[in-house]
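Peer 1: Read top to bottom, the protein sequences are chains A, B, C and D.
The first sequence begins at 1 in the working numbering and counts up by one.
The second sequence begins at 1 in the working numbering and counts up by one.
The third sequence begins at 1 in the working numbering and counts up by one.
The fourth sequence begins at 1 in the working numbering and counts up by one.
Cβ coordinates follow ideal geometry from the N, Cα and C atoms, glycine included.
There are 4 protein chains.
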Amino acid sequence: MTTDKVILAYSGGLDTSCILKWFLEKKFEVICYMANIGQDEDFEQARQKALKIGASKVVIEDVREEFVTKYVWTAIQAGLIYESRYLLGTSLARPCISVGLIKCAKENQARYISHGATGKGNDQVRFELSCYSLDPDVKIIAPWRLEEFTARFQGRQDLLKYASDNGIPVSVTPKAPWSMDANLMHISYESGILEDPSNEAPSDLFLMTKDPKLAPDNSVRIEVEFQHGLPVSVTVGDEIHRNPLDMFILLNKIGGQHGVGRIDITENRFIGLKSRGVYETPAGYILHIAHTDLEVFSLDKEVYRVKQSLQNRLSDYVYNGFWFSPEGQYVRKCIVLAEEQVTGVVKLEIYKGNVFVLGRSSPVSLYNADLVSMDKHADFSPSDATGFINIHAIRLKEYNHYQNKI
Amino acid sequence: MTTDKVILAYSGGLDTSCILKWFLEKKFEVICYMANIGQDEDFEQARQKALKIGASKVVIEDVREEFVTKYVWTAIQAGLIYESRYLLGTSLARPCISVGLIKCAKENQARYISHGATGKGNDQVRFELSCYSLDPDVKIIAPWRLEEFTARFQGRQDLLKYASDNGIPVSVTPKAPWSMDANLMHISYESGILEDPSNEAPSDLFLMTKDPKLAPDNSVRIEVEFQHGLPVSVTVGDEIHRNPLDMFILLNKIGGQHGVGRIDITENRFIGLKSRGVYETPAGYILHIAHTDLEVFSLDKEVYRVKQSLQNRLSDYVYNGFWFSPEGQYVRKCIVLAEEQVTGVVKLEIYKGNVFVLGRSSPVSLYNADLVSMDKHADFSPSDATGFINIHAIRLKEYNHYQNKI
Amino acid sequence: MTTDKVILAYSGGLDTSCILKWFLEKKFEVICYMANIGQDEDFEQARQKALKIGASKVVIEDVREEFVTKYVWTAIQAGLIYESRYLLGTSLARPCISVGLIKCAKENQARYISHGATGKGNDQVRFELSCYSLDPDVKIIAPWRLEEFTARFQGRQDLLKYASDNGIPVSVTPKAPWSMDANLMHISYESGILEDPSNEAPSDLFLMTKDPKLAPDNSVRIEVEFQHGLPVSVTVGDEIHRNPLDMFILLNKIGGQHGVGRIDITENRFIGLKSRGVYETPAGYILHIAHTDLEVFSLDKEVYRVKQSLQNRLSDYVYNGFWFSPEGQYVRKCIVLAEEQVTGVVKLEIYKGNVFVLGRSSPVSLYNADLVSMDKHADFSPSDATGFINIHAIRLKEYNHYQNKI
Amino acid sequence: MTTDKVILAYSGGLDTSCILKWFLEKKFEVICYMANIGQDEDFEQARQKALKIGASKVVIEDVREEFVTKYVWTAIQAGLIYESRYLLGTSLARPCISVGLIKCAKENQARYISHGATGKGNDQVRFELSCYSLDPDVKIIAPWRLEEFTARFQGRQDLLKYASDNGIPVSVTPKAPWSMDANLMHISYESGILEDPSNEAPSDLFLMTKDPKLAPDNSVRIEVEFQHGLPVSVTVGDEIHRNPLDMFILLNKIGGQHGVGRIDITENRFIGLKSRGVYETPAGYILHIAHTDLEVFSLDKEVYRVKQSLQNRLSDYVYNGFWFSPEGQYVRKCIVLAEEQVTGVVKLEIYKGNVFVLGRSSPVSLYNADLVSMDKHADFSPSDATGFINIHAIRLKEYNHYQNKI
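Below is the structure:
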């Protein structure tokens, strides 16, 4: 009898451990795939747990550098922000992990991929659309959407019982009354007590950032340098950091200490539900502020407007799981073209939750101090402005006449 | 001989005082118009100064309530923000003052209106397009764009000399090395030492907000209530405030004490120059944060996207001086329609430069806690998500096939 | 034993007759609903057929006037056009029929609604989203998406056999090698030999319009009058027609005789497939041409641009089945506001497939012949254009300098 | 005494001949520049005329190939269309001619450029913004905007008198009661009797296209092949044409004979006036129809939508004279990226004003006949559509609940 092989996106937690066991019951061979995408996890312990439950293999891959350079950097360069506030930390991780899943499936000749994402969320969509884009022939099994599975596991109690019956070790730490998802870019919190959007997030929820009120009284000053819209160095005092992963970890540390990058929002999920989420994204927030500043400084006014409309589109694509879609790929290429000119340095001060822009400079900005100066005429003839205004007024005067007609 | 009559937008400062005198030289009758739009000004002293110089009349009008209810409230409701960051404080004041100028011109049968705005700035455009929209027959004289005037007054020294020669009193306070413009909504700073975009704004520049580092260690909690997207009450502790002007002044006070609403940006002026501006907008910033939160919470996902595209357009219209344009009027009406549903309360905490959203509630939000809950199925069948994803994947799989073809 | 009641959108054809029988087999009570939406159909014969098969009731409703005034008129007013070419004839009919289905379900206390639309098409989506919008509690049964049904009826032969076995009369006319859907606005053709997008549509396919080559050698001239963007009269020679349904039927007749409104396109279905469709839309095409002409003539330039962006959005909403969605309702309201000003008359000549615009007039247009005249200065000072151009050139000159820097 | 040198965009007509003489009076050295951009003109005669009046040199440049390959082809590839109808024939010619003017100025060390465009039109803007983009240091003299010139030449009579006084030969053909502008792509007609937008264009106005009613009774069939969105061949019967200029001339001939590509519209000029124009664009119209068809056929649905939004922006840029602007250059690059996939053949039939699409094919289209076929399941599971619809319905059902709340 041939056995079907499934690559399971394994987290080490209760859900995916039970799913692993459940696949074994159904005579699948299960290879667990874990991406180290910067979450705080004991990967070796998780490996042992999976092997003990019965995984035929556990693949652990450090994708942090790839995550930073191919996904986070692209998001910063593009200025991605969902519904005016969310920096897309989870959305960016999913396509990155999917690449690992598909690669693992190919290397192990597995036809199936599985994950523990639920049926109401965005992550199922992001995983699956990414996987299908990368390999249209792969088959995905999402147990939390299978009648057979959900009928058997109606709640956490059923999972705990199943774990206990099957010798699956369960963490002794009591589960927090919310769920979370972590990676190098952010931690997101939702569900449980957060489902009431008027409930305040408790202060002990945050793991990545200090409470701004408990942050140091002394601010820190840094400089972030961009080339073509991508961060290339971070300078703190005399130290200059150029390695992307190091830079990002450093900014997470600084931002975390100073309580930077927390938001509490409701958002519209792709499937049409509104949900409430609390996020902390220290490095991402700092870089977003710096990049926005340099971008408006560098880009031509009208190019900026085109780019903004593309950024809004791409933010939706990425949130909805369309990273590898034709439109996702296309718009990213267009944005790279726009960012060619976004090169320079932004000075920032970070203090108790705030990221203040102090100044910026660029070797190629279209900013022209002589031209704008109150004290110089430069190539500017003030009387031209009269014509400019008068011509713009033609249409407005006509409209006034029209309004008097009706 | 008949004398031409001009309404001069008078500030009490050096420039408009010299312009007043210059008009008198040219045999105009000059009526000075001053709008009290919330700036810190001794209006009575300014009146005496103008009369002394030779104005035939000085009209001082308190437009603060009109400014808040017709302009600021509309901007908050619409979520206006220019180039991702600027809350448009000056841009909103110009059409409000223009209404006063045109009214004053009509009441005094004056054919001319004049102002002291410079030829490189946005304000000349905002004033003039607003005035022409309201009265296509008015004639506007902008001395700073007249060869005759600029040849005579090439710099501040020429103005000081002219003032001294003509008995125009000059403030003994030395001029700050930047220019500023203030109203109830904000103070803007530009020019002078700020013209180098890498120069830090000096800490003594800010007049409306305390340095966040010197702000109180205790945060303050407030609740802001909106109806149809408009602020209707602010609650601080046991006190509830419902008068628009009072609410706005109160939020300015709270925001000012806690160092909220400062930004340092470069922006693209309408006429195509890039300029650097520093702004402080305490109440505006608090309301913008609160409104954005409630809006995403309340509005349907797709309606929100349409509204966002309209808001981006309106932000440009307002910045560029097209408040009274056909497109400005039209888009405002559309936004009011969208905002019908934006009703509810947002809880905020204000602390050393930060405005944290703590929670929100609404009697009419589309948020459905049961539907989104991880613990309830409500009207949701998880297997539907499979079909949803598979259908969305069709296009992506086809694209993968295409890519293998080329 | 209680019997479940289903309202079946009945066409009288083979598919829905078999579905009717199939429901009876499954012990449903079936009420057949037929909307007379202008298709060429013998409704009485269809009624007898349904009753003979076993329908408990057949409801036939003439919705033509409602279709024209609430759906077609709205589409003309909004200028709806999908992917640059398709006038949305089928898409507009579906929400109109859905209103009838839901009303019928309410009046007959039926919980279920069913239709014969296939699983790959747009119409299933349009029917169901419309019904769910109007009544979230209704249950929809789409047999062509049920495993049980599709396994049994794998092709047309199975349906013919089932009909024959169950005494369901079958049309003796051989089926055309394509499928079609007709209503007052258009006939659409797809599938069969049209599935190859390089195959030419055969000349005997078209039922609503004459081959332009066989159309009369004499053109016809008409005038279409609009108020607030809605057609209010059509004048042909001395005759003036004001009843919406009559006007539309008349324009269909004229357009049909002169071979107007045929298109052959591929389009992107909502579910992500590309399909090929051939359409004929005589009256709709004539009105679309006339409305577009009057709209650009009447509306302010910038209002027109906002309206165009809303029209593009609404075209997608309508095509995808979101007529009754929040965004559909919202955008329609915005468009009505824009169209307030679109009032006037357009002169057209119709000739062998062409609709030529000959001229237009409006009592309220912003067109100002004096202002634009080469022979008059009107309120226009040519030297203003110099300033206008020079100011616009600032940004371009700066960009030239930048390009020389890099 | 040094003489200033001016490059005059010379047409051979009355206006530019008088301008030439006027410059000579003002002691300028004048070099006349004529671009052969496909207009029907006796260039040699014009050269002799200019030399006789006193031009120091006449430069005649055949830019037809450059015009087709760099401007017209780009417009076809981008799908440019202004305000839903105008194919931008004049707008595309202006930047092409400006390149020649600037090159001529550089080669002859001239600081000045001049043209005969009027102060109310678009062409002045297009010429000057193009020139300033290409050389920020050039000075442009637009006599029709100079007080000195317009005061002297208040109308045609003054020009005729000046010509007669100065021995400038004047055409004996009486001037048509409208003005026209011609190039390889189109002829535009405006002004004079066309200024009343309700006046019909007289039948003898059209020079490039036959009256459709007088066109041949036999249609012609052609095939147009595109690669990456650019036309690469036209096939008529057995003949295949591959040279861009030849292809375009051939299509003009075919389209002209069959009366294709006439429009009568009002449009919004950049400076805010509404004007009425009549255009004939035979080859451009044929190619636009063919390209649109292939584009929707080839491009991914969502990429098409992004591209459409860019095309709308670019159409405005080009109309307004911003061909060489940063945004113009940027958006063109983005569109080229999108068009990579637009490769294939479109079959057309041309008949008495109509261009009918008969079919299309592509080696790389995303069209998948198997997938869309009613007769095959392919990789499609009909039950997935149920989930797709149900998930989309969530939001609509919630909105229904909300509406019942208010």
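Within 10 angstroms of the Cβ of residue 151/D, are there 16 or more other Cβ atoms? Answer buried if so, exposed if not.
Peer 2: Here residue 151/D refers to the residue found at position 151 of the fourth sequence. By the neighbour-count rule (16 or more Cβ atoms within 10 Å), residue 151/D is not buried but exposed.
Peer 1: For the alpha helix (DSSP H) containing residue 262/B, list its first residue and its last residue.
Peer 2: The residue labelled residue 262/B in the question sits at position 262 within the second sequence. Looking at the DSSP string, residue 262/B is not in any alpha helix (DSSP H); the run it does join, the beta strand (DSSP E), is 262-268.
Peer 1: Does DSSP put residue 87/D in a helix, in a strand, or in coil?
Peer 2: If you number the fourth sequence from 1, residue 87/D lands on position 87. Of the three classes helix, strand and coil, the one that applies to residue 87/D here is coil, per DSSP.
Peer 1: Just verifying my parser: in three-state terms, what is the DSSP assignment at residue 1/B?
Peer 2: The sequence position of residue 1/B within the second sequence is 1, counting from 1. The predicted model places residue 1/B with a pLDDT of 46, which falls under 50 and marks its position as unreliable; any figure quoted below should be read in that light. It is coil, neither helix nor strand.
Peer 1: Rounding to the nearest angstrom, what Cα-Cα distance links residue 186/C and residue 267/D in this structure?
Peer 2: Here residue 186/C corresponds to residue number 186 of the third sequence, with the count starting at 1. Here residue 267/D corresponds to residue number 267 of the fourth sequence, with the count starting at 1. Going from the Cα of residue 186/C to the Cα of residue 267/D covers about 30 Å.
Peer 1: Since residue 160/C sits in a beta bridge, which residues does DSSP pair it with?
Peer 2: Counting from 1 along the third sequence, the entry for residue 160/C is found at position 160. According to DSSP, residue 160/C bridges with nothing at all.
Peer 1: Taking buried to mean at least 16 other C-beta atoms within 10 Å of its own C-beta, is residue 74/C buried or exposed?
Peer 2: As a working note, residue 74/C is residue 74 in the third sequence. Its Cβ being crowded by 16 or more others within 10 Å, residue 74/C is buried.
Peer 1: If we count Cβ pairs, one from each stretch, closer than 8 Å, do we get three or more for the segment 9-24 of chain B versus the segment 116-128 of chain B?
Peer 2: Yes, they touch.
Peer 1: Got a sec, what are the start and stop residues for the beta strand (DSSP E) residue 227/A sits in?
Peer 2: Along the first sequence, read from residue 1 onward, the residue named residue 227/A stands at position 227. Residue 227/A -> beta strand (DSSP E) spans 220-227.
Peer 1: Measuring only the C-alpha atoms, how far is residue 286/A from residue 278/B?
Peer 2: Taking the first residue of the first sequence as position 1, residue 286/A is located at position 286. Taking the first residue of the second sequence as position 1, residue 278/B is located at position 278. Each residue's Cα considered, the two are about 19 Å apart.
Peer 1: Starting from residue 386/B, find everything on chain D with Cβ-Cβ shorter than 8 Å and list it in chain order.
Peer 2: Position 386 of the second sequence, counting from 1, holds the residue named residue 386/B. In chain order: 384, 387.
Peer 1: The alpha helix (DSSP H) that contains residue 287/B, what's its start and end?
Peer 2: Working through the second sequence from its first residue, we reach residue 287/B at position 287. Per DSSP, the unbroken alpha helix (DSSP H) holding residue 287/B starts and ends at 282-298.
Peer 1: Is residue 185/C helix, strand or coil when you go by DSSP?
Peer 2: For the purposes of this step, residue 185/C is taken as residue 185 along the third sequence, with counting starting at 1. Three-state DSSP puts residue 185/C in coil, outside helix and strand.
Peer 1: Measure from the alpha carbon of residue 38/B to the alpha carbon of each residue in 102/B, 252/B, 127/B, then state which is nearest.
Peer 2: Indexing the second sequence from 1 puts residue 38/B at position 38. Distance from the Cα of residue 38/B is smallest, within the candidate group 102/B, 252/B, 127/B, for 252/B.
Peer 1: Which residues in the same chain have their Cβ closer than 6 Å to the Cβ of residue 1/B, if we skip the five residues on either side of it in sequence?
Peer 2: On the second sequence, residue 1/B is found 1 positions in, with the first residue counted as 1. The pLDDT assigned to residue 1/B is 46, lower than 50, so where the model puts this residue is not dependable, and the model offers no usable value.
Peer 1: Tell me which residue opens and which closes the alpha helix (DSSP H) that residue 133/A is part of.
Peer 2: As a first step, residue 133/A is located in the first sequence; it is residue number 133 there, counting from the start. Where residue 133/A is concerned, the enclosing alpha helix (DSSP H) stretches over 123-134.
Peer 1: Determine the closest residue to residue 379/D out of 29/A, 91/A, 108/A, 137/A, with distance taken between C-alpha atoms.
Peer 2: Numbered from its first residue, the fourth sequence carries residue 379/D at position 379. The shortest CA-to-CA distance from residue 379/D to any of 29/A, 91/A, 108/A, 137/A is the one to 137/A.
Peer 1: Can you name the residues of chain D whose CB is closer than 7 Å to the CB of residue 405/B?
Peer 2: Taking the first residue of the second sequence as position 1, residue 405/B is located at position 405. Neighbourhood of residue 405/B in chain D, by CB distance below 7 Å: 364, in chain order.
Peer 1: In the DSSP assignment, find the unbroken alpha helix (DSSP H) run with residue 324/A in it and report its ends.
Peer 2: For the purposes of this step, residue 324/A is taken as residue 324 along the first sequence, with counting starting at 1. Careful: residue 324/A lies outside any alpha helix (DSSP H) and carries neither H nor E.
Peer 1: Would you say the segment 314-322 of chain C touches the segment 383-390 of chain C, given that touching needs at least three Cβ pairs under 8 Å?
Peer 2: no
Peer 1: Tell me the start and end of each unbroken alpha helix (DSSP H) in the segment 26-88 of chain C that is at least 4 residues and wholly inside, in chain order.
Peer 2: 43-53, 73-78
Peer 1: Since residue 351/D sits in a beta bridge, which residues does DSSP pair it with?
Peer 2: Taking the fourth sequence and counting its residues from 1, the one referred to as residue 351/D is at position 351. Bridge partners of residue 351/D: 354/D.
Peer 1: Under three-state DSSP, which class holds residue 10/B?
Peer 2: The residue given as residue 10/B occupies position 10 in the second sequence. Coil.
Peer 1: Compare the C-beta of residue 11/A with all C-beta atoms of chain C and state if any pair is closer than 7 Å.
Peer 2: Within the first sequence, residue 11/A is the residue found at index 11, counting from 1. Not closer than 7 Å to any Cβ of chain C, the Cβ of residue 11/A fails to qualify, so no.
Peer 1: Report the partner residues of residue 112/B according to the DSSP bridge assignment.
Peer 2: On the second sequence, position 112 is the one that residue 112/B refers to. Residue 112/B pairs with 6/B, 139/B.
Peer 1: Whose Cβ in chain D lies nearer than 9 Å to the Cβ of residue 146/A?
Peer 2: Here residue 146/A is taken as the residue at index 146 of the first sequence, counted from 1. Result: empty, since nearest Cβ-Cβ is about 13 Å, beyond 9 Å.
Peer 1: Could you have a look at residue 242/B and say whether DSSP puts it in helix, strand or coil?
Peer 2: By 1-based counting over the second sequence, the position of residue 242/B is 242. DSSP places residue 242/B in coil when its eight states are reduced to three.
Peer 1: In terms of residue numbering, what span does the alpha helix (DSSP H) encompassing residue 235/A cover?
Peer 2: Counted from its first residue, the first sequence places residue 235/A at position 235. Looking at the DSSP string, residue 235/A is not in any alpha helix (DSSP H); the run it does join, the beta strand (DSSP E), is 230-236.
Peer 1: So residue 391/B is in the alpha helix (DSSP H); what residue range does that whole segment cover?
Peer 2: Along the second sequence, read from residue 1 onward, the residue named residue 391/B stands at position 391. Element bounds for residue 391/B: 382-405.
Peer 1: Counting C-beta neighbours from all protein chains within 10 Å, is the total for residue 145/D 16 or more, i.e. buried, or is it exposed?
Peer 2: Along the fourth sequence, one-based indexing puts residue 145/D at 145. Buried.
Peer 1: If contact means a Cβ-Cβ distance below 8 Å, which residues of the segment 324-354 of chain B contact chain C?
Peer 2: 325, 326, 327, 330, 331, 333, 334, 337, 338
Peer 1: Kindly say whether residue 296/D, judged by its beta-carbon, lies nearer than 7 Å to any beta-carbon of chain A.
Peer 2: As a working note, residue 296/D is residue 296 in the fourth sequence. Answer no: the Cβ-Cβ gap between residue 296/D and chain A never drops below 7 Å.
Peer 1: According to DSSP, simplified to helix, strand and coil, what is residue 367/D?
Peer 2: Locating residue 367/D in the fourth sequence gives position 367, where the first residue counts as 1. Here residue 367/D sits in coil by DSSP.
Peer 1: What residue range is occupied by the uninterrupted alpha helix (DSSP H) comprising residue 151/A?
Peer 2: For the purposes of this step, residue 151/A is identified with residue 151 of the first sequence, where counting begins at 1. From DSSP, the alpha helix (DSSP H) with residue 151/A extends over 147-152.
Peer 1: Just grab the DSSP bridge partners of residue 190/D for me.
Peer 2: Counting from 1 along the fourth sequence, the entry for residue 190/D is found at position 190. Answer by DSSP bridge pairing, in chain order: 179/D.
Peer 1: Shorter than 7 Å from the beta carbon of residue 123/D to some beta carbon of chain A?
Peer 2: For the purposes of this step, residue 123/D is taken as the residue at position 123 of the fourth sequence. No - not a single Cβ of chain A is within 7 Å of the one on residue 123/D.
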